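Residue numbers (our numbering): 6 to 210. Glycine residues also receive a C-beta, built at the ideal position from the N, C-alpha and C atoms. Quick caveat, the model's predicted, so the values are computed rather than measured. One structure is given below, encoded as structure tokens.
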Amino acid sequence: MKGIISELIKADILENAPVIIALHDTDQNILWANRAYCEATGLKEEEIIGKKCWVAWGLDRVCKNCPVTTALKTGLLAQAELTPENQPHWPTSKGNWLSRAVPLKGEQGEIVGIIEVAFEISKEKAAEKGKVKEVEERFEALAEASIDALVIMDAEGRVIYWNPAAERMFGYSAAEITGKKMHEVLMPLEYREQFSRGFEHFQKT
6 MKGIISELIK ADILENAPVI IALHDTDQNI LWANRAYCEA TGLKEEEIIG KKCWVAWGLD
66 RVCKNCPVTT ALKTGLLAQA ELTPENQPHW PTSKGNWLSR AVPLKGEQGE IVGIIEVAFE
126 ISKEKAAEKG KVKEVEERFE ALAEASIDAL VIMDAEGRVI YWNPAAERMF GYSAAEITGK
186 KMHEVLMPLE YREQFSRGFE HFQKT
């Protein structure tokens with residue numbers, strides 16, 4: 006499946022970040038991954054989209070204490086170190102990673118996706134773990150303060166993130182539109198079917 010992430014977010018905040026970032030759906034399929042994720046796995050973005058994260062990393066099963074799995078179950082931020090020491094099936098060639106998963110929630114508080122942020126660590130660089138939190142905070146601050154509307158939709162076209170600029174531009178609060186299909190709220194009735202067909206075509210390309 007393929008979700009939509011604002012081109013502005015992709016270009017300026019996520020795409021070129023020095024840490025790996027991915028958007029997962031509630032079945033742990035990857036909807037989007039940034040350049041660093043592709044470089045770490047050795048795959049192109051189109052080879053990653055729709056895969057489970059452990060498959061993208063060349064593994065045959067989900068990692069022990071997977072933070073994405075934990076965040077989906079608890080609805081809370083979760084993190085874990087992925088190393089050969091604590092993950093018997095983790096190849097030494099993949100290095101050591103600190104992964105943090107942040108749940109995205111809909112208007113009723115239900116989990117609609119997961120943002121994963123991770124970076125490679127070593128024993129000597131363990132003190133740098135705070136970088137992940139810094140990136141998350143930077144993304145949130147930039148998105149909230151941006152003068153441009155930033156919108157994230159899931160694979161079905163439902164809004165899962167709607168920043169203050171989007172509220173000002175479209176006249177709907179995040180609480181009003183989160184969990185709804187954007188075109189059903191914003192598009193005039195006569196154009197909705199056409200937009201829906203276009204969206205379905207986009208997902209397949």
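Check: What does DSSP give as the partner residues of glycine 176 in its beta bridges?
Finding: Here residue 176 refers to the residue found at position 171 when the sequence shown is read from its first residue. Checking the DSSP bridge columns, you'll see glycine 176 has no partner listed.
Checklist line | 8 Å CB neighbourhood of tryptophan 59 in its chain, flanking five on each side removed | finding: Sequence index remark: in the sequence shown, residue 59 carries index 54 (1-based). Taking tryptophan 59 as the centre and dropping the five residues before and after it, the same chain places the C-beta of Asp65, Arg66, Val67, Cys68, Cys71 closer than 8 Å to its C-beta, in chain order.
Notebook entry, point to check: Just reading off the beta strand (DSSP E) that glutamate 86 is part of, what are its end residues?
Noted result: Within the sequence shown, the letter at position 81 stands for residue 86. Here the beta strand (DSSP E) through glutamate 86 covers 83-87.
Notebook entry, point to check: What's the C-alpha gap between leucine 81 and lysine 49?
Noted result: Here the question's residue 81 lines up with position 76 in the sequence shown. Here the question's residue 49 lines up with position 44 in the sequence shown. Lysine 49 has its alpha-carbon roughly 30 Å from the corresponding atom of leucine 81.
Next item on the list: Classify isoleucine 25 as helix, strand or coil using the three-state DSSP reduction.
Entry: Taking the sequence shown and counting its residues from 1, the one referred to as residue 25 is at position 20. Note: isoleucine 25 maps to strand in three-state DSSP.
Checklist line | Same chain, Cβ closer than 8 Å to tryptophan 95, neighbours up to 5 away in sequence not counted | finding: What you label residue 95 is simply residue 90 of the sequence shown in a count that begins at 1. Contacts found: Leu64, Cys68, Leu87, Thr88, Pro89.
Margin query: Taking the straight line between their C-alpha atoms, what separation do you get for threonine 31 and tyrosine 177?
Written below: Residue mapping note: residue 31 aligns to position 26 of the sequence shown, counting from 1. Residue mapping note: residue 177 aligns to position 172 of the sequence shown, counting from 1. When rounded, the distance between both Cα atoms is 25 Å.
Checklist line | Simplified DSSP assignment, three categories, for valine 190 | finding: The residue given as residue 190 occupies position 185 in the sequence shown. Valine 190: helix per DSSP, three-state reduction.
Next item on the list: List in chain order: all unbroken beta strand (DSSP E) runs of 3+ residues lying wholly within the segment 88-113.
Entry: 101-110
Notebook entry, point to check: Just how far apart, CA to CA, sit isoleucine 25 and proline 169?
Noted result: Here residue 25 refers to the residue found at position 20 of the sequence shown. Here residue 169 refers to the residue found at position 164 of the sequence shown. About 26 Å.
Margin query: According to DSSP, simplified to helix, strand and coil, what is valine 156?
Written below: Looking up residue 156 in the sequence shown gives position 151. Valine 156 sits in a strand when the DSSP states are folded into three classes.
Next item on the list: Inspect the beta-carbon positions of alanine 22 and isoleucine 35 and report whether they are closer than 7 Å.
Entry: Stepping through the sequence shown from its first residue, residue 22 is reached at position 17. Stepping through the sequence shown from its first residue, residue 35 is reached at position 30. Not in contact: alanine 22 and isoleucine 35 (Cβ atoms no closer than 7 Å).
Check: Excluding sequence positions up to five away, which residues of its chain have a Cβ less than 7 Å from the Cβ of lysine 185?
Finding: Taking the sequence shown and counting its residues from 1, one reaches residue 185 at position 180. If we look at lysine 185 and ignore the five residues flanking it on each side, its Cβ neighbours are Arg163, Val164.
Check: Whose C-alpha, out of Glu142, Glu161, Met174, is nearest the C-alpha of leucine 155?
Finding: To locate residue 155, count along the sequence shown from 1; it is residue 150. Among Glu142, Glu161, Met174, the Cα nearest to that of leucine 155 belongs to Met174.
Next item on the list: Determine the direct distance from the alpha carbon of cysteine 43 to that of isoleucine 54, and round the result to whole angstroms.
Entry: By 1-based counting over the sequence shown, the position of residue 54 is 49. By 1-based counting over the sequence shown, the position of residue 43 is 38. Each residue's Cα considered, the two are about 11 Å apart.
Item checked: Cα-Cα separation, glutamate 51 to tryptophan 37 -> On the sequence shown, position 46 is the one that residue 51 refers to. On the sequence shown, position 32 is the one that residue 37 refers to. So the alpha carbons of these two residues sit roughly 9 Å apart.
Note to self: If contacts are defined as beta-carbon pairs under 8 Å, then leucine 3 and phenylalanine 124 qualify, I think. What distance do you get, rounded to the angstrom?
What the structure shows: Only positions 6 to 210 of the chain appear in this structure, which leaves residue 3 out of reach.
Notebook entry, point to check: Assuming valine 107 and isoleucine 126 make a contact with CB atoms under 8 Å, what is their CB distance in whole Å?
Noted result: Against the sequence shown, residue 107 aligns to sequence position 102. Against the sequence shown, residue 126 aligns to sequence position 121. With 8 Å as the limit, valine 107 and isoleucine 126 do not qualify as a contact, their Cβ atoms being about 19 Å apart.
Margin query: Give me, in chain order, the residues of the same chain whose beta-carbon lies closer than 6 Å to that of alanine 76; leave out the 5 immediate sequence neighbours on both sides.
Written below: In the sequence shown, residue 76 corresponds to position 71, counting from 1. Same-chain partners within the cutoff: Ala83, Ala106, Pro108, Ile119.
Next item on the list: To the nearest angstrom, report how far apart alanine 180 and isoleucine 116 are at their CA atoms.
Entry: The residue you call residue 180 lines up with position 175 of the sequence shown. The residue you call residue 116 lines up with position 111 of the sequence shown. Roughly 14 Å separates the two Cα atoms.
Margin query: Within 10 Å of its beta-carbon, does alanine 150 have 16 or more other beta-carbons around it, so buried, or fewer, so exposed?
Written below: Mapped onto the sequence shown, residue 150 falls at position 145. It counts as exposed.
Next item on the list: Can you grab the Cα-Cα spacing for the pair asparagine 101 / glutamine 92, in whole Å?
Entry: Translated into the one-based positions of the sequence shown, residue 101 becomes position 96. Translated into the one-based positions of the sequence shown, residue 92 becomes position 87. Linking asparagine 101 to glutamine 92 through their CA atoms gives a straight-line distance of about 10 Å.
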